[in-house]
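Number of protein chains: 2
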Amino acid sequence: MAVTIKEVAKRANVAPSTVSRVIANSSRISEKTKERVREAMTELGYHPNYNARSLANKSTKTIGIVMPNSAKVSFQNPFFPEVIRGISMKAYQSGYGLYLSTGHTEEEILEEVKQMVFGGRVDGIVLLYSRVNDQVMPFLIEQKFPFVLIGRPYQVDESLVTYVNNDNFKAAKLVTEYLLLLGHEKIGFIGGNLDFVVTIDHMNGYEQALKNANITVNESYKVYHDELKEGGQDAVIELMSNEHPPTALIVADDIMTFGVIRMLEDMNMKVPHDMSIVSFNNVMISELSSPPMTTVDIHIYDLGFKATELLMHQLEDPTIGVEHVIIPHKLVKRQTCKLDHGASRG
Amino acid sequence: MAVTIKEVAKRANVAPSTVSRVIANSSRISEKTKERVREAMTELGYHPNYNARSLANKSTKTIGIVMPNSAKVSFQNPFFPEVIRGISMKAYQSGYGLYLSTGHTEEEILEEVKQMVFGGRVDGIVLLYSRVNDQVMPFLIEQKFPFVLIGRPYQVDESLVTYVNNDNFKAAKLVTEYLLLLGHEKIGFIGGNLDFVVTIDHMNGYEQALKNANITVNESYKVYHDELKEGGQDAVIELMSNEHPPTALIVADDIMTFGVIRMLEDMNMKVPHDMSIVSFNNVMISELSSPPMTTVDIHIYDLGFKATELLMHQLEDPTIGVEHVIIPHKLVKRQTCKLDHGASRG
DNA sequence: CTGAAAGCGCTTACAG
DNA sequence: CTGAAAGCGCTTACAG
């Protein structure tokens with residue numbers, strides 16, 4: 001079937017070990033021999049067997065991508081394809097392949113990660129989420145396996161894990177302050193799944209901003225749903241059932257916002273006239289909502305790219321130690337926010 | 001580091017070959033021994049080394065996913081995450097992992113595919129596209145490597161390749177006829193990249209419907225752009241520059257349609273009042289355009305799932321031969337189409 | 001029903 | 001500068 005190193009060796013009149021060294025471009029082989037071997041390789045159409053190579057030198061040249069819920073669920077939100085775009089770019093540049101987790105439940109995912117680690121399927125992992133009571137991260141730390149987290153560690157010491165994150169607390173505080181400045185005081189918070197650390201950070205930023213403005217937090221203004229359009233729709237129903245419904249909404253995710261806008265429309269409420277909305281993420285299609293949504297660009301692509309870069313650092317130099325990178329966020333003002341009617345301030 | 005078969009063997013007081021047979025659940029091992037070995041495995045936390053296993057029995061238990069443009073580009077369109085959802089689901093059920101292509105150019109991708117095939121990185125491939133002058137498919141055929149195409153072969157004999165596809169010709173004919181019935185005669189066609197076979201099929205279906213209705217095809221009503229929102233926007237500019245612009249549009253892809261709607265809005269044209277639109281794909285967010293778009297549901301998830309199922313057939317039984325599956329399409333009527341003003345028919 | 005041995009295709013000390 | 005040999009962790013005929 002496939003051409004092996006032996007056949008190349010025979011053709012080039014050298015030992016297999018020499019061929020191996022030519023592949024590795026060892027400086028101990030003469031240019032003349034190298035050329036001869038390379039010629040034989042192209043003539044025969046040689047391609048190295050990755051399994052053999054991996055087995056011999058314990059390096060697979062592939063990166064594992066671990067998603068919170070399997071592609072099946074996660075890929076319903078453009079956040080994940082977008083991070084993977086960034087990961088893919090850097091991985092390709094560095095000559096790495098990508099291996100995707102496919103498990104659904106937390107147990108299945110943990111089992112997959114064990115397979116990746118013990119089975120020698122990948123050299124390192126990019127963890128695309130940070131969740132409360134997570135089992136995966138402690139496992140990776142315990143195994144001293146190279147990985148980078150997108151998000152921030154929780155219930156685990158920061159000094160133990162390399163991560164790339166946004167300052168989600170600050171971002172949430174920012175958008176809340178923005179709405180406050182527009183005169184809103186009844187601000188609803190539509191968080192993502194509370195199992196995820198990003199949701200906790202958003203929520204804390206929101207509360208902090210309210211506290212700073214001397215507004216007491218109304219618990220019935222806070223709801224949590226999965227980051228899907230359905231989540232956004234359900235959230236609106238909940239919030240609008242309040243006796244005094246909010247006049248502005250902070251929404252954890254742009255896809256939810258699509259659902260939110262649609263549901264408000266169904267309720268005959270105009271955005272931004274009757275409801276202001278600020279969202280998070282700025283995925284590719286966010287500008288295509290109508291009205292175009294105001295959202296926080298968290299530079300998803302960069303999160304993926306940078307995380308992979310840090311992973312490469314670790315793989316190239318295992319002694320490099322922990323690194324932390326915060327990707328800046330940026331409020332993108334479009335057309336879902338306006339001054340509150342009853343507002344007395346400017 | 002990781003526990004090997006040897007250590008398990010020692011602990012269970014058997015030979016490594018016996019452990020191997022227990023893993024494979026060979027019927028030639030006594031239940032008693034199996035139990036003893038399994039106990040040892042869990043006690044030691046044994047996980048098989050995939051590289052060693054793959055090397056020894058030439059099976060990786062992973063599927064390669066080959067995209068037209070690397071994740072970097074492809075993932076900008078929700079079509080791809082959505083197919084991968086389907087692939088992921090079936091792959092997980094069958095105990096397979098997923099390996100993703102990362103190359104950008106056609107040459108890079110071909111090189112990656114060679115790596116997958118010769119390097120023994122995957123057992124089979126799901127090809128997510130069919131393009132004119134494609135090099136990848138002929139290579140896979142020549143190598144007799146198991147793969148399934150999503151799309152249909154072009155410049156290659158159908159009897160040589162297992163594929164899953166929609167009847168894109170028929171679907172395009174259908175939507176054209178639908179617009180004709182609504183009284184439209186000036187129907188613009190916004191195709192995807194003409195390198196892709198699906199675009200050709202769409203175009204032919206469109207022309208056939210026009211011919212059947214005795215309407216001559218206006219070449220300036222046909223434009224082709226990449227399947228991105230920008231593509232949709234550019235297409236609108238082109239088409240609206242016609243002396244007699246179309247009153248209805250067939251758009252190759254929902255994401256393009258988002259761009260189309262936005263651009264028309266900028267031109268102060270109302271959909272569907274001033275322009276009817278039918279689109280293809282029905283991705284997750286399609287119903288969230290405003291107005292919600294009328295589109296052909298091609299059941300993307302099913303394409304991925306079914307393709308993977310067919311690939312499994314091949315892997316389980318290499319003699320099974322070629323299979324062809326057509327996934328049905330369905331026109332989802334929402335709110336981007338209406339009767340043409342000047343129409344005399346009903 | 002179980003074991004000893006060869007082999008999968010590489011890499012890498014060890015010699016020279 | 002190059003080669004012979006051992007080894008990576010499995011699987012699988014071959015014996016018994």
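From first to last, the protein sequence lines stand for chains A and B. Each residue of the first sequence is one higher than the one before, counting from 1 in full-length UniProt numbering. Each residue of the second sequence is one higher than the one before, counting from 1 in full-length UniProt numbering. By construction, the Cβ of each residue, glycine as well, lies at the ideal position given by its N, Cα and C atoms. None of these values were measured; they are calculated from a predicted model.
Does the beta-carbon of residue i have 16 or more other beta-carbons within 10 angstroms, so that it is buried, or is it exposed?
i	result
Asn268/B	exposed
Ser344/A	In this predicted model, Ser344/A has a pLDDT of only 45, less than 50, meaning its place in the structure is not dependable; the value taken from the coordinates is given anyway. Looking at its Cβ environment, which holds fewer than 16 other Cβ atoms inside 10 Å, Ser344/A is exposed.
Leu264/A	buried
Lys211/B	exposed
Glu227/B	buried
Pro318/A	exposed
Pro146/A	buried
Ala213/B	exposed
residue 360/A	Only positions 1 to 346 of chain A appear in this structure, which leaves residue 360/A out of reach.
Gly95/A	exposed
Leu181/A	exposed
Glu142/A	exposed
His273/B	exposed
Lys173/A	buried
Ile237/A	exposed
Asp157/A	exposed
Gly321/A	exposed
residue 378/B	One cannot answer for residue 378/B here, as it falls past the ends of chain B, which runs 1 to 346.
Val8/B	buried
Gln233/B	buried
Where does residue i fall in DSSP's three states?
i	result
Tyr163/A	strand
Tyr206/A	helix
Gly103/A	coil
Lys330/A	strand
Thr60/A	coil
Ile29/A	coil
Tyr301/A	helix
Thr18/A	helix
Ala248/B	strand
Thr308/B	helix
Gly231/B	helix
Lys6/B	helix
Ser220/B	helix
Ile320/A	coil
Ser94/A	coil
Arg121/A	coil
Ile187/A	strand
Val132/A	coil
Leu110/B	helix
Leu194/B	coil
Val271/B	coil
Counting only Cβ pairs nearer than 7 Å, list the residues of chain A close to residue i.
i	result
Glu258/B	Correcting the residue type first, residue 258/B is Phe in the shown sequence and not Glu. Here the neighbours are Ile285 and Leu288.
Arg262/B	Leu288
Ala2/B	Phe118
Which bits of chain A does residue i rub up against, with CB to CB less than 9 Å?
i	result
residue 370/B	Past the boundaries of the shown model lies residue 370/B; chain B is included only from 1 to 346, so the question cannot be answered.
Ala40/B	Those within 9 Å of Ala40/B in chain A number zero; the least Cβ separation is about 15 Å.
Lys229/B	Met284, Ile285, Glu287 and Leu288
Can you name the residues of chain B whose CB is closer than 8 Å to the CB of residue i?
i	result
Phe75/A	Pro81, Glu82, Ile84, Arg85 and Ser88
Taking residue i as the query, report the chain A residues whose CB atoms sit under 8 Å from its CB, ordered along the chain.
i	result
Ser54/B	Asn51
Kindly list, in the order they appear in chain B, the residues whose Cβ is closer than 7 Å to that of residue i.
i	result
Pro146/A	Within 7 Å Cβ-Cβ: nothing; Pro146/A doesn't reach chain B, min ~13 Å.
Pro78/A	Pro78
Name, going along the chain, the residues of the segment 96-115 of chain B whose beta-carbon falls closer than 7 Å to a beta-carbon of chain A.
-> Gly97, Leu98, Tyr99, Leu100, Thr102, Gly103, Lys114 and Gln115
May I ask you to verify whether the segment 251-265 of chain A touches the segment 280-296 of chain A, counting CB pairs closer than 8 Å and requiring at least 3?
-> yes
Check whether the segment 73-87 of chain B touches the segment 298-308 of chain B, taking contact to mean three or more Cβ pairs, one atom from each stretch, closer than 8 Å.
-> yes
Does the segment 103-111 of chain A touch the segment 23-35 of chain A, meaning 3 or more C-beta pairs lie closer than 8 Å?
-> no
Touch check for the segment 12-21 of chain B and the segment 193-205 of chain A: three-plus C-beta pairs under 8 Å?
-> no
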